[in-house]
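Report on the following structure.
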Amino acid sequence: MDTELAPRAGVREWIGLAALALPAMLVIMDMSVLHLALPTLSRDLEPSGAELLWITDVYGFVIAGAMITMGTLGDRIGRRRMLMIGAVAFGLASVLAAYAPTAETLIVARALLGLAGAVLGPSTLSLISAMFHDAKQRSFAITVWMTSFMLGGAVGPLVGGVLLEAFWWGSVFLVAVPVMVFLLVAGPLVLPEVRNPDASRLDLTSAAMSLAAILLVVFGVKEFAKEGVAWLPLLTLMLGLVIGALFVARQRRLTGPLLDMKLFANRGFSVSLGTLTLTVVFMLGSQFLIAQYIQMVVGMEPLESAVWSLPMVVSGTLAMFIAQGVAAQVGKAYVFGAGLAIAAVGFTVLAQVDSGSGVGIVVTAASLLFAGLMPVSSLGIGMIVDAAPPEQAGSAAAVGETTQELGGALGIAVLGSVLNVAYRSGVAGSVPDGVPASVRETATDNLPAALEAAGRLPGETGSQLVAVARQSFAQGLAWIAMGAYRSCSRWPSPPRCCSRTWVARTEAWQREGARTMRGKGWRPRRGGRCPDRPPSRYSIHGGAAPFFTDA
C-alpha cells in the first residue's frame, strides 16, 4: 500500500482512539492504585501475609499469562467483540473487588480483573493498527496509546490518594466502571470489527501451555526478587522455561498455531522486540528503585513520591510526541539511537547519586531516562505490530504487551537483585561498632529492615547505621546506572529496513514497478528476487528484507 494514497483517519477514528486509550490507561492504573489502599483494606479484610501478596500480584500474573491467548482469540472471533467482552468483564470484576467481603473474594476479583485486562490490551492496540492506515497518523495514534499507559501508572497513586481521603478503600476500583460503560456505548459506533477470516480453531492445549509457561516464569522471577536465590523460584522458573520450549515446538508443528513462530524470523520484529525488552527492563526497573530511593533515602511519603514522579512522565510523553514527528523525517533507526543515547546520559547522571544527593538530581536523571526510553518503547511497539501481517495484528500486539509485562517483572527482579547484592556488601563492611550481632544481621538484609532496626538503637549508633544503610543503597543504585549506561550505549539499532530511505524505495517500487526501478540503477538484493506482487505493509515495515540496494 502506498502510504501517500493510504486513507487518512477521520473524526470517527479519532473518537475511537479516545475510546481505546481510556481502558488502556485503566489497565495500568489498576496495578498502581492498589498500593495506597493496602493499609486500609488490610485493616478491614485482615488478610494473611500470603493472601496480601496474592492480592497484590495475581492481577499482573494473569495479565501476563493470558495476553497471547486473548490476542490470538481476538484475531479469530473479532477484536471489537473481544474488546466489548473485556469491558463487561472488567466493569463487573471492578464492582466485585470494590465490595469484596473477604480477602479470598478480593483475590478472585483481582484475578478476573487480570483476565479482563488481558482481553483489553491486545484488542486496543490491534484495533489502532486497523483504524489508522496512514503511517504518520498510525504512529501518532500509537504514541497516544502509549501515553495513556504511562499516565495510568503515574496518576494511579494520585487518584488513589484522593479517593482514600474521602471514601473507603473499594472506591479505587470503581473508577473503571464509568469508563467501561462509555466504551460499551461508543465502541459499536466508532470502532470497526476486524478479524482473520482464515483463522483456524483455537488450540486449547497451546493456550494452556502459554498460560502455564508465562505464569511460572513471572512468578519465579518475582520470587527471586523477593527471596533471593532459593529452590522454589528456581524450580518454578525452570519448569516455566521447559513448558515454554514445549509450547514453541508445538507451534512449529501445528498448521494453525496459537502463535505463528514465523514472526520471530523477521529481523525487524525480533530486533524491535529485543529493544522493547531492554527499554522496559531499564525503565520500569529504574522507576521502581528510584521510588524506593525517594521514599527510604530522601524520606518522603508515598503520595509525595508519586508527585515527584510526574516530571519523568511529562518529559517522556513530550519526547514521544516529538520523536514520532522526527522519525517520519529521518527514519526510526536514528530516533532509536538518539533515544538510547539520551537514556545513557540519564544513567550517567544517576550514577553520581549518593545518600545526600537529594531528590533533584534523581528526578533529573529519571526525566532524562524517560525522555530517551519512552520514545524507543513507543516506536518499538508500533514496529512490532506493523511487522506482522494485518490478520495477525492481535497476536503481534499480544507478544509486544507480554514482552512489556515480562520486561517489567525482569527489571524489578534483576535490577532489584543487583541492588540487594551491592547493598549487603556495602552494609556488611561498614556497620558501626556497638551494633549487636542480631541487629547487624537484620540491617544487612534490606534497607527497610535496617531503618526499623536503627530505630531501636541508642541515638548516635542508630543514626550511623541509618547513614551507612542509605549510602549502601545509593551506591547500589549508582552501580546499576553504570551497567545500564553500558547496555544503552552498545545496543544495536533496528535494521535499515526501518529507515526512511528504504521505506521510500520500497514504496517507489510499488508505484513504478520493478522494471522502472532497475532502470534507475537499483537492483534486487543479493540472493533475492522481485516479488510478483507489491509488498504489503508487512514488507515495508521490516517483515522482509528491502528489495533493492544501490547498484
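Numbering-wise, the sequence shown is residues 1 to 551 according to full-length UniProt numbering. Here a beta-carbon is modelled for each residue, glycine too, at the ideal position from N, C-alpha and C. Since we're looking at a predicted model, the values are computed, not measured.
Pick from the options: whose alpha carbon is nearest that of residue i?
i           : options            : result
residue 337 : 234, 37, 371       : 371
residue 171 : 99, 417, 272, 448  : 99
residue 120 : 25, 61, 194        : 25
residue 306 : 157, 104, 472      : 157
residue 349 : 245, 485, 448      : 485
residue 247 : 97, 278, 207, 238  : 207
residue 279 : 33, 379, 459       : 379
residue 561 : 82, 47, 85         : No answer is possible for residue 561: it lies beyond the span of the chain, which begins at 1 and ends at 551.
residue 40  : 174, 347, 167      : 167
residue 123 : 463, 97, 82, 103   : 82
residue 74  : 22, 130, 427, 31   : 130
residue 417 : 445, 22, 369, 428  : 445
residue 356 : 296, 68, 443, 404  : 296
residue 249 : 205, 189, 163, 347 : 205
residue 177 : 450, 23, 251       : 23
residue 38  : 80, 164, 71, 29    : 164
residue 402 : 33, 436, 31, 61    : 61
Taking residue i as part of the alpha helix (DSSP H), name the residues at either end of that continuous run.
i           : result
residue 411 : Premise fails: residue 411 is in no alpha helix (DSSP H) and is neither H nor E.
residue 334 : 332-350
residue 144 : 135-166
residue 374 : 359-386
residue 260 : Here residue 260 belongs to no alpha helix (DSSP H), and DSSP marks it neither H nor E.
residue 185 : 176-190
residue 445 : 437-445
residue 128 : 103-131
If you draw a straight line from the alpha carbon of residue i to that of residue j, how long is it in whole angstroms?
i           : j           : result
residue 425 : residue 125 : 44 Å
residue 413 : residue 12  : 42 Å
residue 456 : residue 422 : 25 Å
residue 181 : residue 91  : 8 Å
residue 54  : residue 224 : 16 Å
residue 117 : residue 260 : 23 Å
residue 361 : residue 281 : 21 Å
residue 234 : residue 220 : 7 Å
residue 209 : residue 434 : 55 Å
residue 408 : residue 461 : 38 Å
residue 325 : residue 481 : 29 Å
residue 410 : residue 332 : 26 Å
residue 20  : residue 145 : 8 Å
residue 448 : residue 294 : 13 Å
residue 185 : residue 300 : 42 Å
residue 562 : residue 195 : Any property of residue 562 remains undetermined from this structure, which presents the chain solely from 1 to 551.
residue 470 : residue 254 : 54 Å
residue 353 : residue 266 : 41 Å
residue 438 : residue 232 : 26 Å
residue 432 : residue 454 : 11 Å
residue 175 : residue 114 : 16 Å
residue 459 : residue 465 : 10 Å
residue 275 : residue 45  : 42 Å
residue 27  : residue 476 : 32 Å
residue 351 : residue 441 : 28 Å
residue 183 : residue 420 : 43 Å
residue 89  : residue 33  : 19 Å
Going along the chain, which residues of its own chain have a beta-carbon closer than 6 Å to the beta-carbon of residue i, five neighbours each way excluded?
i           : result
residue 366 : 290, 312
residue 141 : 17, 128, 132
residue 112 : 93
residue 430 : 468
residue 303 : 161
residue 86  : 116, 119, 120
residue 203 : 258
residue 65  : 211, 214, 215
residue 345 : 368
residue 244 : 213
Keeping to the same chain, check which residues put their C-beta closer than 8 Å to that of residue i; ignore five residues upstream and five downstream.
i           : result
residue 14  : none
residue 317 : 147, 150, 151, 374
residue 463 : 454
residue 515 : Unreliable positioning characterises residue 515 in this predicted model, as indicated by a pLDDT of 49, which lies under 50. A coordinate reading is not provided.
Which residues in the same chain as residue i place their Cβ atom closer than 7 Å to its Cβ, once the five residues preceding and following it in sequence are excluded?
i           : result
residue 8   : 134, 137
residue 57  : 222
residue 154 : 309, 310, 313
residue 239 : 216
residue 107 : 51, 54, 55, 58
residue 335 : 323, 326, 327, 375, 379
residue 428 : 444
residue 520 : Any reading at residue 520 must be qualified, since the residue scores a pLDDT of 49, below 50, and its modelled position is unreliable; no value is offered.
Could you check whether the Cβ of residue i sits closer than 7 Å to any Cβ belonging to chain D?
i           : result
residue 425 : No chain D appears in this structure, which consists of one protein chain only.
| said: As an exercise, report each continuous alpha helix (DSSP H) stretch of at least 4 residues that is fully enclosed by the region 43-84, in chain order. | reply: 49-77
| request: Note down, one range per segment and in chain order, each alpha helix (DSSP H) of at least 4 residues found wholly within the region 203-236. | output: Runs found: 204-227.
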